[in-house]
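Enquirer: Here the protein sequences come in this chain order: A and B. Quick note on the working numbering: the first sequence kicks off at 64 and runs consecutively. Quick note on the working numbering: the second sequence kicks off at 28 and runs consecutively. A single structure is presented below for examination.
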Amino acid sequence: MVTVRIPTPLRTLTAGEEQVQAEGSTVRAVLETLEKNHPGIRDRLLDEKGVRRFVNIYVGDEDIRFLDGLDTALKSGDEISIVPAIAGGN
Amino acid sequence: MTARLFRSRRLGSIIDAVGNTPLLRLERVGRSAPSVEIYVKLEFANPGGSVKDRPALRMMTDAIADGRLTPDKILIDSTSGNTGVAYSLIGAALGYRIQLVMPKNVTKARKDITKAFGTELIFSDPMEGSDGAIRLVRKIVDENPDKYFYPDQYSNPSNPLAHYHGTGVEILDALGDRITHFVTGLGTSGTMMGTTRRLHEHTRQVHCVAAEPAEALHGLEGLKHMGSSIVPPIYDASLPDEIMPISTEDGWDMSDRVAELEGLHVGHSSGANIAAAVKIAERLHREQGGGCVVTVACDRGDRYFAPLKWERKYVW
């Protein structure tokens, strides 16, 4: 079980929850679980090529682009953060 | 020396360089709509490097004129972006003290640009994002209301007025009756509101389009997805003739395209604006066989590149 931190613009999909728990041994598997529990969230984060360019996914403090991408292995208790490239506003 | 009708501009203050930006015809990115002219207003030609010089200057001069901003007060606002650079530059030029509240995790470049003008920075909790910075600035002002002037660009009518009296007038001055369409993205909505109000007063109809990020989670810095954001009090939803969603990918790709095709290196919100202008131009070409679309380049792309500090050692 890992914890996923949800950014404000996506909380409409998680009934306002700032973080949710999900099962999965890789980031890809966790995102599949998220999609089952919160339909629509996958397309916000991924396209046919993988993680969308303006979306950053971190495991702990590490961007998964510098780990094994969507195949990055997870262990129980890991924290995943979804962070847009910017926060909006000016 | 050759005789000319006009002298080069000679300015008494850097703030006189705000506005009167050039309008550039884009020749190549709109090749898919050859019957339609596309123009972009080069707001990065403002001295602070962005469109935000206009509202910042107007918010400050209006407040100085009616006594809300006096030399003993500190101008404080929450911004880590272009508005902060504009306040800092104008504050330095006019001799006002500026304090900016920003989340502690904003890039070092952002901190350095504003500090270069003598601006003081106050950091808010990085976990609370830009909303945390807004809450902190309100708390600081509430504790000492007489000490501060808090412009709040999201609710300040001087913001759209800067575009009503500036951007809109300048576009009509440059193009007159040729303009058929105007499009720009929504951030504070100041550019859209003010320019549209002026263009709607023109004798010929100008169709004004508000571009907005297609999704709540997006990467178009400076733009707001209204459906999922705190709607700025200056935003009047009845004003735009049309709302056009633009995806982050389209905006980012257009930034790259205009750099390669037009020699125009702009930020992602400008990319989104130009992408929207090209979409409108393609529709006009298809349906009407002509038209003239105007949009805005808010800032230069290099504002989002990391270093912006004098280098210690020069190697030529």
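Think of the CB as a built atom: it goes at the ideal place given N, C-alpha and C, for glycine as much as any other residue.
Measuring alpha carbon to alpha carbon, tell me which of A/71, A/88, A/110, A/67 ends up nearest residue 100 of chain A.
Expert: Residue numbering aside, residue 100 of chain A sits at position 37 when the first sequence is read from its first letter. Ranking A/71, A/88, A/110, A/67 by Cα distance to residue 100 of chain A puts A/67 first.
Enquirer: For the beta strand (DSSP E) containing residue 240 of chain B, list its first residue and its last residue.
Expert: Residue numbering aside, residue 240 of chain B sits at position 213 when the second sequence is read from its first letter. Its beta strand (DSSP E) spans residues 234–240.
Enquirer: Report yes if the CB atom of residue 250 of chain B is closer than 8 Å to the CB atom of residue 202 of chain B, and no otherwise.
Expert: Translated into positions along the second sequence, residue 250 of chain B becomes position 223. Translated into positions along the second sequence, residue 202 of chain B becomes position 175. Not in contact: residue 250 of chain B and residue 202 of chain B (Cβ atoms no closer than 8 Å).
Enquirer: With a threshold of 8 Å on Cβ separation, who are the neighbours of residue 226 of chain B within its own chain once the five nearest residues in sequence on each side are excluded?
Expert: By one-based count along the second sequence, residue 226 of chain B stands at place 199. Excluding sequence neighbours, residue 226 of chain B sits near 195, 198, 199, 206, 209, 233, 235.
Enquirer: Going along the chain, which residues of its own chain have a beta-carbon closer than 7 Å to the beta-carbon of residue 151 of chain A, five neighbours each way excluded?
Expert: One-based indexing of the first sequence puts residue 151 of chain A at position 88. Note that residue 151 of chain A scores 36 on pLDDT, short of 50, meaning its location in the model is unreliable; the coordinates nonetheless yield the value given after this. Spatial neighbours of residue 151 of chain A in its own chain (CB-CB distance under 7 Å, excluding positions within 5 residues in sequence) are not present.
Enquirer: Helix or strand or just coil, what does DSSP make of residue 133 of chain B?
Expert: As a first step, residue 133 of chain B must be located in the second sequence, where it is residue number 106. Coil, per DSSP.
Enquirer: Can you list, in chain order, the residues of its chain whose CB lies under 7 Å from that of residue 335 of chain B, leaving out five sequence neighbours each side?
Expert: Translated into the one-based positions of the second sequence, residue 335 of chain B becomes position 308. In this prediction, residue 335 of chain B scores a pLDDT of 48, lower than 50, which makes its location untrustworthy; no coordinate-derived value is stated.
Enquirer: Can you list, in chain order, the stretches of the alpha helix (DSSP H) that have 4 or more residues and sit fully within the stretch 77–121 of chain B?
Expert: Listed in chain order, they are 80–92, 109–121.
Enquirer: Would you list, in sequence order, the uninterrupted alpha helix (DSSP H) runs of no fewer than 4 residues that lie entirely inside the stretch 171–227 of chain B?
Expert: With a minimum length of 4 residues, the unbroken runs of alpha helix (DSSP H) contained wholly in the stretch 171–227 of chain B fall at 185–189, 195–202, 217–227.
Enquirer: Helix or strand or just coil, what does DSSP make of residue 162 of chain B?
Expert: Within the second sequence, numbered from 1, the residue matching residue 162 of chain B stands at position 135. Of the three classes helix, strand and coil, the one that applies to residue 162 of chain B here is helix, per DSSP.
Enquirer: Taking the beta carbon of residue 153 of chain A as the centre, do at least 16 other beta carbons fall within 10 Å, making it buried, or is it exposed?
Expert: Stepping through the first sequence from its first residue, residue 153 of chain A is reached at position 90. Note that residue 153 of chain A scores a pLDDT of 33, beneath 50, so its modelled location is shaky and nothing firm can be said.
Enquirer: Report the partner residues of residue 70 of chain B according to the DSSP bridge assignment.
Expert: Along the second sequence, read from residue 1 onward, the residue named residue 70 of chain B stands at position 43. The partner list for residue 70 of chain B (beta bridge, DSSP) is empty, contrary to what the question assumes.
Enquirer: To the nearest angstrom, report how far apart residue 140 of chain A and residue 95 of chain A are at their CA atoms.
Expert: Position 77 of the first sequence holds residue 140 of chain A. Position 32 of the first sequence holds residue 95 of chain A. Their backbone Cα atoms lie some 18 Å apart in a straight line.
Enquirer: Among all the DSSP beta bridges, which residues are the ones paired with residue 271 of chain B?
Expert: Your numbering for residue 271 of chain B matches position 244 in the second sequence. Answer is B/238, bridged to residue 271 of chain B.
Enquirer: From the DSSP output, which residues share a beta bridge with residue 262 of chain B?
Expert: Sequence index remark: in the second sequence, residue 262 of chain B carries index 235 (1-based). Under DSSP, residue 262 of chain B shares a beta bridge with no residue.
Enquirer: Any Cβ of chain A within less than 8 Å of the Cβ of residue 218 of chain B?
Expert: Here the question's residue 218 of chain B lines up with position 191 in the second sequence. Taking Cβ atoms only, chain A never reaches closer than 8 Å to residue 218 of chain B, which makes this a no.
Enquirer: Is the beta carbon of residue 231 of chain B closer than 8 Å to that of residue 204 of chain B?
Expert: Position 177 of the second sequence holds residue 204 of chain B. Position 204 of the second sequence holds residue 231 of chain B. The answer is yes: Cβ separation under 8 Å.
Enquirer: Nearest chain A C-beta to residue 255 of chain B closer than 8 Å, yes or no?
Expert: In the second sequence, residue 255 of chain B corresponds to position 228, counting from 1. Taking Cβ atoms only, chain A reaches closer than 8 Å to residue 255 of chain B, which makes this a yes.
Enquirer: Taking just the CA atoms, how far does residue 30 of chain B sit from residue 36 of chain B?
Expert: Taking the first residue of the second sequence as 1, we reach residue 36 of chain B at position 9. Taking the first residue of the second sequence as 1, we reach residue 30 of chain B at position 3. So the alpha carbons of these two residues sit roughly 16 Å apart.
Enquirer: Please state whether DSSP places residue 335 of chain B in a helix, a strand or coil.
Expert: Locating residue 335 of chain B in the second sequence gives position 308, where the first residue counts as 1. Any reading at residue 335 of chain B must be qualified, since the residue scores a pLDDT of 48, below 50, and its modelled position is unreliable; the value itself is stated next. DSSP places residue 335 of chain B in the coil class of the three-state scheme, outside both helix and strand.
Enquirer: If you follow the alpha helix (DSSP H) that residue 316 of chain B is in, where does it begin and where does it stop?
Expert: What you label residue 316 of chain B is simply residue 289 of the second sequence in a count that begins at 1. Here residue 316 of chain B belongs to no alpha helix (DSSP H), and DSSP marks it neither H nor E.
Enquirer: With DSSP as the reference, please indicate the residues paired to residue 324 of chain B in a beta bridge.
Expert: Within the second sequence, residue 324 of chain B is the residue found at index 297, counting from 1. Answer is B/69.
Enquirer: Report yes if the CB atom of residue 122 of chain B is closer than 8 Å to the CB atom of residue 98 of chain B, and no otherwise.
Expert: The sequence position of residue 122 of chain B within the second sequence is 95, counting from 1. The sequence position of residue 98 of chain B within the second sequence is 71, counting from 1. Result yes, Cβ atoms of residue 122 of chain B and residue 98 of chain B sit closer than 8 Å.
Enquirer: Which bits of chain B does residue 135 of chain A rub up against, with CB to CB less than 9 Å?
Expert: Numbered from 1 along the first sequence, position 72 holds the residue referred to as residue 135 of chain A. None at all; the shortest Cβ gap to chain B is about 21 Å.
Enquirer: Within 10 angstroms of the Cβ of residue 186 of chain B, are there 16 or more other Cβ atoms? Answer buried if so, exposed if not.
Expert: As a first step, residue 186 of chain B must be located in the second sequence, where it is residue number 159. Its Cβ being crowded by 16 or more others within 10 Å, residue 186 of chain B is buried.
Enquirer: So, does the stretch 154–163 of chain B touch the stretch 104–118 of chain B, judging by three or more C-beta pairs under 8 Å?
Expert: yes
Enquirer: Within 8 Å of any Cβ in chain A, is that where the Cβ of residue 335 of chain B sits?
Expert: The residue labelled residue 335 of chain B in the question sits at position 308 within the second sequence. Residue confidence is low: residue 335 of chain B scores 48 on pLDDT, short of 50, so the model does not pin down where it sits. Its coordinate-derived value is still stated next. Answer no: the Cβ-Cβ gap between residue 335 of chain B and chain A never drops below 8 Å.
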